[in-house]
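**Student:**
Protein chains: 2
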Amino acid sequence: MRKSFRYLPILGWAREYDGPTLTSDLLAAVIVTIMLIPQSLAYAMLAGLPAEVGLYASILPLVAYAIFGTSRTLAVGPVAVVSLMTASAVGQIAAQGSLDYLTAAIGLALLSGAMLMVMGVFRLGFLANFLSHPVISGFITASGLLIAAGQLRHILGVAGEGGALPEILASLARELPSVNPTTLAIGIGVLLFLVFARKYLKPVLTGMGVPARLADMLAKAAPILAVGATVALAAAFGLGGRGVALVGAIPQGLPAFGVPALSLDLLSVLVVPAFLISVVGFVESVSVGQTLAAKRRQRIDPDQELIGLGAANIAAGLSSGYPVTGGFARSVVNFDAGAQTPAAGVFTAIGIALAAVFLTPLLANLPQATLAATIIVAVLTLVDFGAVRRVFAYSRSDFAAMAATIIVTLGWGVELGIIAGVVLSLLLHLYRSSKPHVAIVGQVPGTEHYRNIERHAVITSPEILSVRVDESLYFANSRFLEDTIAAHVAERPELRHVILMCSAVNAIDASALASLEEINSRLADAGIAFHLSEVKGPVMDRLKATDFLRHLNGRVFLSQHEAVTVLGTEAPEPSAAVLIQPQKRVSP
Amino acid sequence: MRKSFRYLPILGWAREYDGPTLTSDLLAAVIVTIMLIPQSLAYAMLAGLPAEVGLYASILPLVAYAIFGTSRTLAVGPVAVVSLMTASAVGQIAAQGSLDYLTAAIGLALLSGAMLMVMGVFRLGFLANFLSHPVISGFITASGLLIAAGQLRHILGVAGEGGALPEILASLARELPSVNPTTLAIGIGVLLFLVFARKYLKPVLTGMGVPARLADMLAKAAPILAVGATVALAAAFGLGGRGVALVGAIPQGLPAFGVPALSLDLLSVLVVPAFLISVVGFVESVSVGQTLAAKRRQRIDPDQELIGLGAANIAAGLSSGYPVTGGFARSVVNFDAGAQTPAAGVFTAIGIALAAVFLTPLLANLPQATLAATIIVAVLTLVDFGAVRRVFAYSRSDFAAMAATIIVTLGWGVELGIIAGVVLSLLLHLYRSSKPHVAIVGQVPGTEHYRNIERHAVITSPEILSVRVDESLYFANSRFLEDTIAAHVAERPELRHVILMCSAVNAIDASALASLEEINSRLADAGIAFHLSEVKGPVMDRLKATDFLRHLNGRVFLSQHEAVTVLGTEAPEPSAAVLIQPQKRVSP
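Protein sequence lines correspond, in order, to chains A and B.
Under this note's numbering, the first residue of the first sequence is numbered 1, with each subsequent residue one higher.
Under this note's numbering, the first residue of the second sequence is numbered 589, with each subsequent residue one higher.
1. Kindly say whether B:S866, judged by its beta-carbon, lies nearer than 9 Å to any beta-carbon of chain A.
2. With DSSP run on the structure shown, which of helix, strand or coil describes A:L366?
3. Measure from the C-beta of B:I888 to each C-beta in chain A and report whether the shortest distance is under 9 Å.
4. Mind checking if B:R978 is an interface residue toward chain A, Cβ cutoff 9 Å exclusive?
5. Using beta carbons (cut-off 9 Å, strictly below), is A:A514 in contact with chain B?
6. In the DSSP assignment, what residue or residues form a beta bridge with A:N180?
7. Within its chain, find whatever has a CB closer than 7 Å to the CB of B:D613; leave out the 5 residues flanking it on each side and keep chain order.
8. Using a Cβ cut-off of 9 Å (strictly closer), state whether A:P493 contacts chain B.
9. So, are the CB atoms of B:T658 and B:D853 less than 9 Å apart?
10. I'd like to know whether the C-beta atoms of B:Y595 and B:I963 end up nearer to each other than 9 Å.
11. Going by DSSP, what residue range makes up the alpha helix (DSSP H) through A:V333?
12. At which residues does the alpha helix (DSSP H) containing B:V859 begin and terminate?
13. What does A:N452 pair with, by DSSP beta-bridge criteria?
14. Quick check: is the beta carbon of A:P181 nearer than 9 Å to any beta carbon in chain B?
15. Please tell me whether A:P296 has its Cβ less than 9 Å away from any Cβ of chain B.
16. Among B:A917, B:P638, B:F825, which has the Cα closest to the Cα of B:Q840?
17. Sorted by chain position, which residues of the same chain lie with C-beta nearer than 8 Å to B:V1029's C-beta, five sequence neighbours on each side aside?
18. Would you mind stating whether A:F475 and B:N953 have Cβ atoms separated by less than 9 Å?
19. Is the distance from the Cβ of A:A510 to the Cβ of B:V979 below 9 Å?
20. Assuming contact is defined by CB atoms lying nearer than 9 Å, are A:V79 and A:G281 in contact in what I supplied?
21. Please name the residue or residues paired with B:T913 in a DSSP beta bridge.
22. Just tell me which of A:A355, A:G317, A:G327 has its CA closest to the CA of A:T291.
23. Quick one: what does DSSP say B:T936 is sitting in, helix, strand or coil?
24. Under a Cβ-count criterion, where at least 16 other Cβ atoms within 10 Å of its own Cβ denotes burial, should B:V1177 be classed as buried or exposed?
25. Residue range of the beta strand (DSSP E) that A:A529 falls in?
26. Taking the CB atoms as reference points, tell me whether A:L124 and A:S83 lie closer together than 9 Å.
27. Is there a Cβ from chain A that is less than 9 Å from the Cβ of B:L1146?
28. Looking only at its own chain, which residues have a Cβ that is under 7 Å from the Cβ of B:G836, when we skip the five neighbours before and after it?
29. Alpha carbon to alpha carbon, how far is A:N334 from A:R198?
30. Could you tell me the distance, in whole angstroms, from the CA atom of A:A526 to the CA atom of A:I519?
31. What number of angstroms, rounded off, separates the C-alpha of A:L473 from the C-alpha of A:V539?
32. Let's test the definition: count the other Cβ atoms within 10 Å of the Cβ of A:F139 and tell me whether it reaches 16, buried, or not, exposed.
33. Do B:F781 and B:A814 have their C-beta atoms within less than 9 Å of each other?
34. Report back the beta-carbon spacing between B:A989 and B:S720 to the nearest angstrom; my notes put them in contact at under 8 Å.
35. Got a sec? Which residues, its chain only, sit under 7 Å from B:V1022 by beta carbon, not counting five neighbours each side?
36. Would you tell me roughly how many angstroms separate the C-alpha atoms of A:M117 and A:V32, rounded to the nearest one?
This is how it looks when you write it as structure tokens:
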């Protein structure tokens, strides 16, 4: 990749742009535009924002990403989880529908964009690694449930409130008597239609002779059909007058461009949510981007992706939008429809801009229940109980982090949920690596192999303790090593040599070095020599730069076998080698 | 260790107690008592508490530790760093000298004791592993400097304030004109005497024919000599009337036993400092205990130590004391004086109790400058710039954590200092392990060894990519592996096989498993087979319990050589093996 392309990937693909690529990109853009119109409206409603804000967030951000992003097929815009996080963050500051609410959402986009940019420039993409897979997966499942529950009120046609599940359910239960039957009928109808379209429309159409690819596209266009049909219904029967909540008048035209007046107070309150939105959005986007790039043996650059997404969010903030990121469903549609370059994103932006100018008058009669049904059907695909089961079977501690994320997200909201998950997974990781697998090893008879005495019949000597630690040594586990060796030494009065077998030690940090010094001097006090064996090259290089090897009251052996052979022969009285049978340690 | 001894180690040693042990313990107790009297008074002053509180904290806590602790020679009581942390925590809540201040200090002891107990019962000793060695070492050095600077005002005989270095120095500079010459003379005199005693008294005495051991004990008793001499001076010349700050009247007798009225508000403010004090005290105490135990091939149980220290702190709180822990200097003295069992601690407690009853009237004339000089000489041994230099030479990232700890501790106080150090060292650790060493390997000609292509002349095939990752795979590095493999695949169009060599992989968590699934399916989309080689037994056991091996579009080979041999022969057209020379990757 040329240097100048690093920060402006557009320079890479724009010069090779040709006619056939244009055709592919245009076709993909048309299909994504059709999909994106109802989604943009729906996710804006989910974020508690006026419908047009969803459209605005689907214009300039797409252009910005096309210039700075590295994925050829990622489609950015409003997505469900980020919309929920926006609602949660902004809802704590301002009343829904107020100008402050909109201003805060715009501030969130700007702040999040700036953070992503900074992370990209300083190559801080690794911060996303704090979000372990079980935490992300649990968070998305819980968000899906939370979003679906939150939309039920639009389906039922009742008022409702609450960011966490208990409040949402309590408020629904309270409002149940005032359900609006017409709204409910529309909501259920659209829901059933969308579920049918998702599951059966494609096979039915192909059964009727429609080509598979076209059938697939038609199935994906189901939401826009639902929008069209319910708008027509609402207009024809004047449903607005029958208590059906409609989207209402949407300002026609393109968004104003500029920075709203943002107070420092407001921005400081938004820092934590903006950071969480940035990281969650980045993780979602990068994993979609990587999956699609791999299919065509392309690649994306995660640090440049930060800049691409940062630019998209700043563009959103400058054009009255709200936080955006790369969406899974629409990116797959874009890819499947044959998009070749980010230019498809620019064409999609033009499509949405045209919609904002020409279609908005038609949308005033759109029932909110239609949008809610669109959201529910979309987010329920996020809910993955299978993943919960699989993680439970694979690892209890990963499951604990996942369960904490789900429970806290459902019960106390998205921000606390993700923080709880991250903190717990870090603690559990530290706990695990603070007690690494440590084996006492002995010689497999007739070989030069040394194996765990608890798993194999091996030869050991009462004067030599060989300890193999199966982890790099660093601050979290170095004291455990001290304890382990101290415990063995206290139990074995004949001991004269301790050999630390370092075949699995990839690094030794300063804490571990201090522990090794400590072990060495404690063993020396007890009249025991401390040796190392099988130290890896890079580790040995670093040890050589310290005083440790000079203090060491034993030696460094290239191999464990050499160590045992040399030390065994050196013993003043011939040590009685003992063949011990594998022994399972009794659990305490 | 018998089950019942687990929580009551006293049952282990008490039944073997005999005459000679009693004599040893009694002698050690006398010497430690003589050392502990001035220290207790001094550290109470350092903590901003009345002098008698230091004595109270050296009575019951010692008895409690003797019952519940596992070290045979650890001497608990007030220590410098914990006293500083107490002053910092309590100083934010109440004015020094007020009853609230004392109550808060007692609350801190109770809270810290309860936390240590809970950590012990739930075996949470690993939490101390969060404190890496460079952070602890930097924190203690910075605390030593902070304490010494803070005591200068007592030497100068001026008022002064401030918990952080800039404030302390500014206040000293302001007060410099009002230095009290008599106080300064006493302070400098005691300082010089103590430095002399520490460095030269023992050789001088042995030169005069005093037996070495006795000379050593006499040198250690220097502080009590200084106390006696300055008390006599102050009394004889009525120095109190000349503006020399004296300790003043100390209540005679034993502390009252009971729980003070603690509000929930107070306790909630103290939670964070109590936790930090618990962890720092525990780390200090355990490392002293382990060092001493090792000299006699004994051992301590870190989780039971939590209970022992917890009991000691609760005992401190119940008897008007303040937080305590195992001290380094006094434990070494106890050990050297021949203490055999924790009974020496009980005898020391009796000694201090006698002092509280009979000696306190004599101490009213003790100049504060004497105590300040004692503190300064004691804490300057904590300052270890050599460690800073060694850590700098060994590891830049460890140094960064250490430097942050020192700077923040000096500039903003102990609590922020230790938190900054822990957070930074965790971030740096995560950063390092999120970018593990990954080598592309090839066959060393004529052998079955596979080595890094950047370091060795090895044979590779354009159709096979062999990747060795030198770290366990977990959430912080699994995405890095995805990126790395994606980057290589994008560059090598002929690629047909990717082999992940797992010889250094000790564990694979759920995030890494998800990444492997992802890599597998992305490679499958690109028409590339994904294989594993040299997977360790325990890792393989876990993988077998999942669907991963069924999804794997390649195979699992026992050895890397087997993998390359089998895949090389299977190639439809004979692949041209290429011998590549080691190439240093050009740094970007």
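Just so you know, even glycine gets a beta-carbon here, dropped at the ideal spot from N, CA and C.
Note that the coordinates shown come from a computational prediction; the quantities given were computed from them, not determined experimentally.
**Tutor:** This is what the structure gives:
1. no
2. coil
3. yes
4. yes
5. yes
6. None, per the DSSP bridge assignment.
7. A927, Q928, T929, A931, A932, F935
8. yes
9. no
10. no
11. 328 to 336
12. 852 to 883
13. A:V441
14. no
15. According to the sequence displayed, residue 296 of chain A carries Arg and not Pro. Closer than 9 Å to some Cβ of chain B, the Cβ of A:R296 qualifies, so yes.
16. B:P638
17. Y1038, R1039, N1040, I1041, V1046, S1054, V1055, R1056, M1089, Q1148
18. no
19. yes
20. yes
21. B:G665
22. A:G327
23. helix
24. This structure leaves residue 1177 of chain B out entirely; chain B is present only between 589 and 1176.
25. 529 to 533
26. no
27. no
28. A952
29. 17 Å
30. 11 Å
31. 11 Å
32. buried
33. yes
34. 6 Å
35. According to the sequence as given, residue 1022 of chain B is Ser; it is not Val. Cβ within range, chain order: A1064, N1065, F1068.
36. 26 Å
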